[in-house]
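Structure, as structure tokens:
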Amino acid sequence: MDWPFLFATAKTLLTGVPLTLRLAATSLCAGFALAVGIAALAGSRFAPARWLAALYVMLFQGTPLLVQIFIVYYGFGQIDFLRASFAWPFLQQAYWCAILALSLNTSAYGAEIIRGAVAAVPPREIEAARAMGMSGLLLRRRIIWPQALQYGLANYGNEAILLLKATSLASVITLMDVTGLAYRLVSKTYRSEEIFTVAGLIYLALTFVIATGVHLLERRLTPCRRV
Amino acid sequence: MSTPAFTLIGFGPEGWGKLLLLAAGLTLVAAVCSFALGSLLGAAGAALKLASSRSLRGIGTFYTTVFRGIPEILVVYLFYFGGSLALTRLMHLAGFPGFFSLPSFIIGVVAIGLVSGAYQTEAYRSAYLRLERGQIEAGKACGMSSFVLLWRVIAPQTLRFALPALGNIWQSVLKETALLSIIGLVELLRQSTIASGATRQPLLFYGVAALLYLVMGQITALGIRTVEKRLARCWGR
């Protein structure tokens, strides 16, 4: 074991952690906002809105993320109205392309989670609330959303972990996150086993932190189900 | 914009249609091989995780934690760089100088197979735990050997319970094969990259690639759902 080399590698790769986390956190937030919208469409009484949501979910879940990233990064430059729009200065940067693709991708999975969580709220409780005269936002704020949050949190935590792993694909479009730095280091030194192992450990540590955080949050939010 | 889009993706002399379809075929073959390898590893992993020995369980847990916790692309890179280096060292020991590399198809199948094996381990394990204990006891009471018990009682039911999860894993394996494009295997995504480089039409070709992935995924999903329904019928619950 070449400890000095391992430490030097870890030091280099750790400088990529902020970018990895920023990609994951930004896409998670943007993706959640989108997911709420898609889930609302999916739960709509208007059939074409439901079809639209189903199509969106199918498109983004059914194609590889790498293809989505390539379409945004290489393909969007061909669309004239995008080139003319305010978004073009952003879409010229690999960072924002990665954020856009990751957000769209995770929003499709998030929408399914939110839909499932809302569907898991017992209908009797909603009936009871309606009988008490609650409706609209009040019903959602007091009855549906708090419970859906409890049901959906664990699944959304898993999605956050998958998203963190997915940010590594951003290295393919030149971003220097943990994977990108590892790849560059390997092409300089050819010590692939050590470098990729260190990179893997960093991801494992990040995953562990997220999993623990979600678990703690879940415990806090569901005092009634604690045993 | 000299050649119209439908000529470019068509099957004529200027069209990339045939190459794209062949590449899609390679994607499908790679996915099937990875999934099959993952099934073997998953069955072994589940056996480890359900073993009574603590150290065997530890190995199983280590396997699933590592390969579900690190990005697939790192696993692919590790095998791509590491595999060739290891092979070269091995060949040097055997007295063959020079550089040797493994075919990227094999590297890719092993890497994706290992990752999907970790997910399949969990699928088989939780399916096994849903099995009624009484059936195993009944089988033993009838004098079945452990192999017969596995073959007649455990395997069919575990497979049925695991089928929905396996369907999801198959879908992600199919999509993960896109990673093999970055280690040089000319599968669907790589072929689209080549085509878009030659024609300067990335939107068109990546769009076609996305569509082909979608079609492959939807058709296989339909097949899996049909099998699921048929099994649910003959089990009657």
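Those protein sequences? They're chains L and W, same order as listed.
Counted the way the numbering used here counts, the first sequence spans residues 1 to 227.
Counted the way the numbering used here counts, the second sequence spans residues 1 to 237.
Ideal Cβ positions, reconstructed from N, Cα and C, are used throughout, including at glycine.
If you check the CB distance, glycine 108 of chain W and leucine 185 of chain W come in under 9 Å. In this structure asparagine 168 of chain W is exposed. Its beta-carbon is surrounded by fewer than 16 other beta-carbon atoms within 10 angstroms. Using a C-beta cut-off of 8 Å, the segment 93-106 of chain L makes contact with the segment 159-178 of chain L, since at least three inter-stretch Cβ pairs fall below that distance.
Non-local C-beta neighbours of phenylalanine 62 of chain W in its own chain, meaning closer than 7 Å and more than five positions away in sequence, are absent.
The beta carbons of isoleucine 161 of chain L and isoleucine 143 of chain L sit no closer together than 9 Å. For isoleucine 71 of chain L, a Cβ of chain W is located within less than 9 Å of the residue's own Cβ. Pairing threonine 179 of chain L with proline 48 of chain L, the inter-Cα distance amounts to about 41 Å. By the C-beta density criterion, cysteine 33 of chain W is buried, having at least 16 other C-beta atoms within 10 angstroms. For methionine 58 of chain L, the enclosing alpha helix (DSSP H) starts and ends at 47-62. The DSSP-derived three-state label of glutamine 93 of chain L is coil.
Judged by beta-carbon spacing, alanine 39 of chain L lies within the 9 Å limit of alanine 111 of chain L, meaning their Cβ atoms are closer than that value. The segment 121-136 of chain W makes no contact with the segment 86-94 of chain W: fewer than 3 CB pairs, one atom from each, lie closer than 8 Å.
Residues of the segment 68-93 of chain W whose Cβ lies closer than 7 Å to any Cβ of chain L, in chain order: Gly69, Ile70, Pro71, Ile73, Leu74, Tyr77, Leu78, Phe81, Gly82, Leu85. Per the coordinates, the alpha-carbon of threonine 212 of chain L lies some 16 Å from the alpha-carbon of arginine 68 of chain W. Sequence-ordered contacts of the segment 178-189 of chain W with chain L read Ala178, Leu179, Ser181, Ile182, Leu188, Leu189 [C-beta pairs closer than 9 Å]. Between the segment 35-48 of chain W and the segment 136-150 of chain L, the count of Cβ pairs shorter than 8 Å is below three; the stretches do not touch.
With respect to chain L, the C-beta atom of alanine 210 of chain W has a partner C-beta closer than 9 Å. The C-alpha of tyrosine 213 of chain W is placed about 19 Å away from the C-alpha of phenylalanine 6 of chain W. For glycine 38 of chain W, the closest of W:Thr121, W:Thr220, W:Leu159, W:Arg200 by C-alpha to C-alpha distance is W:Thr121. At least 9 Å separates the CB of valine 57 of chain L from every CB of chain W. Isoleucine 71 of chain L has its alpha-carbon roughly 19 Å from the corresponding atom of leucine 34 of chain L.
In this structure, the straight-line span from the alpha carbon of alanine 53 of chain L to that of proline 64 of chain L is close to 19 Å. Linking glycine 17 of chain W to asparagine 155 of chain L through their CA atoms gives a straight-line distance of about 40 Å.
Apart from sequence neighbours up to five positions away, the residues of its chain that approach arginine 57 of chain W with a beta-carbon distance below 7 Å are Leu48, Lys49, Ala51, ordered along the chain. Taking 9 Å as the CB threshold, leucine 21 of chain L stays off the interface with chain W. Look at the segment 211-231 of chain W: the residues with a C-beta under 7 Å from a C-beta of chain L are Tyr213, Leu214, Gly217, Gln218. Taking a C-beta distance under 9 Å as the contact criterion, leucine 181 of chain L and leucine 66 of chain L do not qualify as a contact pair. With the criterion set as a beta carbon lying under 7 Å from some beta carbon of chain L, the segment 108-130 of chain W has no members that meet it. For proline 122 of chain L, the closest C-alpha among the options L:Cys97, L:Asn105, L:Leu19, L:Gln150 is that of L:Gln150.
Straight through space, the alpha carbons of alanine 221 of chain W and glutamine 171 of chain W are spaced by roughly 8 Å. Around glutamate 193 of chain L, the beta-carbon contacts reaching into chain W at under 9 Å are Leu78, Phe81, Gly82, Leu85, Ala86. Within the segment 48-109 of chain W, the complete alpha helix (DSSP H) segments at least 4 residues long are 54-69, 72-93, listed from N- to C-terminus. Comparing alpha-carbon positions, the option among W:Val173, W:Val115, W:Phe11 lying closest to valine 75 of chain W turns out to be W:Val115.
For valine 153 of chain W, no chain L residue has a C-beta closer than 9 Å to its own C-beta; the minimum C-beta separation is roughly 32 Å. By the 16-neighbour rule on beta-carbons within 10 angstroms, isoleucine 59 of chain W is exposed. With contacts defined as CB atoms closer than 9 Å, proline 202 of chain W and tyrosine 74 of chain L qualify as a contacting pair.
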